[in-house]
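Student: Before I ask anything, here is the structure I am working with.
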Amino acid sequence: AAPRGRAAARRAMEAARRRLRAGGGAKAGGCALLLLAAVAVLGGEAAEAEEPRSARQRGDEQCHYYAGGQVYPGEAARLPVSDHSLHLSQAKISKPAPYWEGTAVINGEFKELKLTDYEGKYLVFFFYPLDFTFVCPTEIIAFSDRIEEFRAINTEVVACSVDSKFTHLAWINTPRKQGGLGPMKIPLLSDLTHQISKDYGVYLEDQGHTLRGLFIIDDKRILRQITMNDLPVGRSVDETLRLVQAFQYTDKHGEVCPAGWKPGSETIIPDPAGKLKYFDKLN
């Protein structure tokens, strides 16, 4: 019905225009009224067509707001109309990890750091959104306080954000009771150009910072594991340690680790006959 009504209104409007061009008088006045009526009909139908879409958009925005959230004060909510997109990641499981280099704060000093400095070791390389925030210091402190557990299994940890080296240093020099980091046992790498974050696929273009991406890189610079969290939830040091230990076990022994595997647990021989040993014990 709506398409037929619009077509009739358009025909009436064209007829009125022709009569107005042909002559004036009372007929012209009537034609002008007819033309206004046709415009009103078309305008009203257009408004009716747009209203459901606008309502739907409002619903989507509200849903998206609560799903993704406005995590930091003053940060725009993530809406479908915003450019909330990640760059195409160069980081791919079982492939060489994207190369990086930059300035880091190490033991309170500025030093140049690069991925190749860690050849021959496993590396836990993790991104966090911003200095002087909320979840971020809890993660960084947790990894720093337990760095000796990683080093005991030939693994190092590097944290990275888009903040400057000066902001990193200021945060380290801020007491923990005031939301600072205090003395750090792991490097804080500065990615002020955002290039490293983009190469690893964690940079949020519309927010200007990263997601919580964590990458386990083995001693041959091969990327073995990726964890990606949205902003409100921090990562687990225990789970990261477990994953490193599991990958190192498979590297050394050639067996595979079942769900929830921990050091000392049973593993699986990866062939049709060998696997039966594990499943026979399990069941």
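Residue numbers (mature numbering (1 follows the signal peptide of the UniProt record, and there is no 0)): -49 to -1, 1 to 234. Idealized CB from N, CA, C, for every residue including glycine.
1) Expressed to the nearest angstrom, what Euclidean distance is found between the alpha-carbon atoms of residue 75 and residue 60?
2) Determine the extent of the beta strand (DSSP E) in which residue 73 is found, giving its start and end residues.
3) Can you check which of these residues, 65, 159 and 142, is closest to residue 107 by C-alpha distance?
4) Using the Cα positions of residue 179 and residue 80, report the straight-line distance between them to the nearest angstrom.
5) DSSP three-state call for residue 217: helix, strand or coil?
6) In chain order, which alpha helix (DSSP H) runs of at least 4 residues are fully inside the stretch 48 to 106?
7) Could you give the distance in angstroms between the alpha-carbon of residue 205 and the alpha-carbon of residue 173?
8) Whole angstroms are fine: how far does the CA of residue 220 sit from the CA of residue 175?
9) Identify, in the order they occur along the chain, each residue of the same chain with its Cβ nearer than 6 Å to the Cβ of residue 86, setting aside the five sequence neighbours on each side.
10) Leaving out the 5 sequence neighbours to the left and right, which residues in its chain are closer than 8 Å to residue 43 when beta-carbon positions are compared?
11) In the DSSP assignment, the beta strand (DSSP E) including residue 176 goes from what residue to what residue?
12) DSSP state of residue 110, grouped into three classes?
13) Taking the alpha-carbon positions, what's the residue 232 to residue 217 distance?
14) Is it buried or exposed, residue 137, if we count other Cβ atoms within 10 angstroms and call 16 or more buried?
15) Taking the CB atoms as reference points, tell me whether residue 201 and residue 165 lie closer together than 8 Å.
16) Kindly indicate which three-state DSSP category residue 8 falls into: helix, strand or coil?
17) For the alpha helix (DSSP H) that residue 147 lies in, which residues bound it at each end?
18) On the DSSP bridge assignment, give the partners of residue 207 in chain order.
19) For residue 32, count neighbouring C-beta atoms within 10 Å of its own C-beta (all shown protein chains included) and say buried if the count is 16 or more, exposed if not.
20) Is there contact here, the stretch 119 to 138 with the stretch 155 to 164, by at least three beta-carbon pairs under 8 Å?
21) Are the beta-carbon atoms belonging to residue 257 and residue 45 less than 8 Å from one another?
22) Would you kindly check if the distance between the Cβ of residue 88 and the Cβ of residue 155 is under 8 Å?
23) Taking a contact to mean a Cβ-Cβ separation below 8 Å, would you say residue 111 touches residue 147 in this structure?
24) With residue 116 and residue 67 assumed to form a contact (beta carbons below 8 Å), what rounded beta-carbon distance in angstroms separates them?
Tutor: In terms of the structure at hand:
1) Position 124 of the sequence shown, counted from the start, is the residue given in the question as residue 75. Position 109 of the sequence shown, counted from the start, is the residue given in the question as residue 60. Each residue's alpha carbon lies about 21 Å from the other.
2) Along the sequence shown, one-based indexing puts residue 73 at 122. 73 to 78 is the extent of the beta strand (DSSP E) around residue 73.
3) Position 156 of the sequence shown, counted from the first residue, corresponds to residue 107. Ranking the options by Cα distance to residue 107, first place goes to 65.
4) As a working note, residue 179 is residue 228 in the sequence shown. As a working note, residue 80 is residue 129 in the sequence shown. Going by the C-alpha atoms only, they are around 12 Å apart.
5) Numbered from its first residue, the sequence shown carries residue 217 at position 266. In this structure, residue 217 counts as coil in the three-state DSSP scheme.
6) 86 to 96 and 98 to 102
7) The residue you call residue 205 lines up with position 254 of the sequence shown. The residue you call residue 173 lines up with position 222 of the sequence shown. Their backbone Cα atoms lie some 17 Å apart in a straight line.
8) The count along the sequence shown starts at 1 and reaches residue 175 at position 224. The count along the sequence shown starts at 1 and reaches residue 220 at position 269. Their Cα atoms are separated by approximately 20 Å.
9) If you number the sequence shown from 1, residue 86 lands on position 135. So the list reads 185, once near-sequence residues are dropped.
10) Taking the first residue of the sequence shown as position 1, residue 43 is located at position 92. Excluding positions up to five away in sequence, the list reads 174.
11) As a working mapping, residue 176 is identified with position 225 in the sequence shown. Segment 174 to 180, the beta strand (DSSP E) holding residue 176.
12) In the sequence shown, the residue the question calls residue 110 occupies position 159. DSSP places residue 110 in strand when its eight states are reduced to three.
13) Residue 232 sits at position 281 when you count from the first residue of the sequence shown. Residue 217 sits at position 266 when you count from the first residue of the sequence shown. Using only the alpha carbons, I get a separation of about 9 Å.
14) Mapped onto the sequence shown, residue 137 falls at position 186. Per the 10 Å Cβ criterion, buried.
15) What you label residue 201 is simply residue 250 of the sequence shown in a count that begins at 1. What you label residue 165 is simply residue 214 of the sequence shown in a count that begins at 1. Cβ atoms of residue 201 and residue 165: not closer than 8 Å.
16) Here residue 8 refers to the residue found at position 57 of the sequence shown. Low confidence applies here, because residue 8 scores a pLDDT of 46, under 50, leaving its location unreliable and the question unanswered by this model.
17) For the purposes of this step, residue 147 is taken as residue 196 along the sequence shown, with counting starting at 1. Residue 147 -> alpha helix (DSSP H) spans 146 to 150.
18) Taking the sequence shown and counting its residues from 1, the one referred to as residue 207 is at position 256. Among the bridge pairs identified by DSSP, residue 207 is matched with 219.
19) Position 81 of the sequence shown, counted from the start, is the residue given in the question as residue 32. Because residue 32 sits at a pLDDT of 46, beneath the cut-off of 50, its placement in the model cannot be relied upon, and the following sentence gives the value as read from the coordinates. Exposed, by the Cβ-count rule.
20) no
21) The question about residue 257 has no answer here: the residues shown for the chain are numbered -49 through 234.
22) The residue labelled residue 155 in the question sits at position 204 within the sequence shown. The residue labelled residue 88 in the question sits at position 137 within the sequence shown. Not in contact: residue 155 and residue 88 (Cβ atoms no closer than 8 Å).
23) Counted from its first residue, the sequence shown places residue 111 at position 160. Counted from its first residue, the sequence shown places residue 147 at position 196. For residue 111 and residue 147, yes; Cβs fall inside 8 Å.
24) Taking the sequence shown and counting its residues from 1, the one referred to as residue 116 is at position 165. Taking the sequence shown and counting its residues from 1, the one referred to as residue 67 is at position 116. With 8 Å as the limit, residue 116 and residue 67 do not qualify as a contact, their Cβ atoms being about 20 Å apart.
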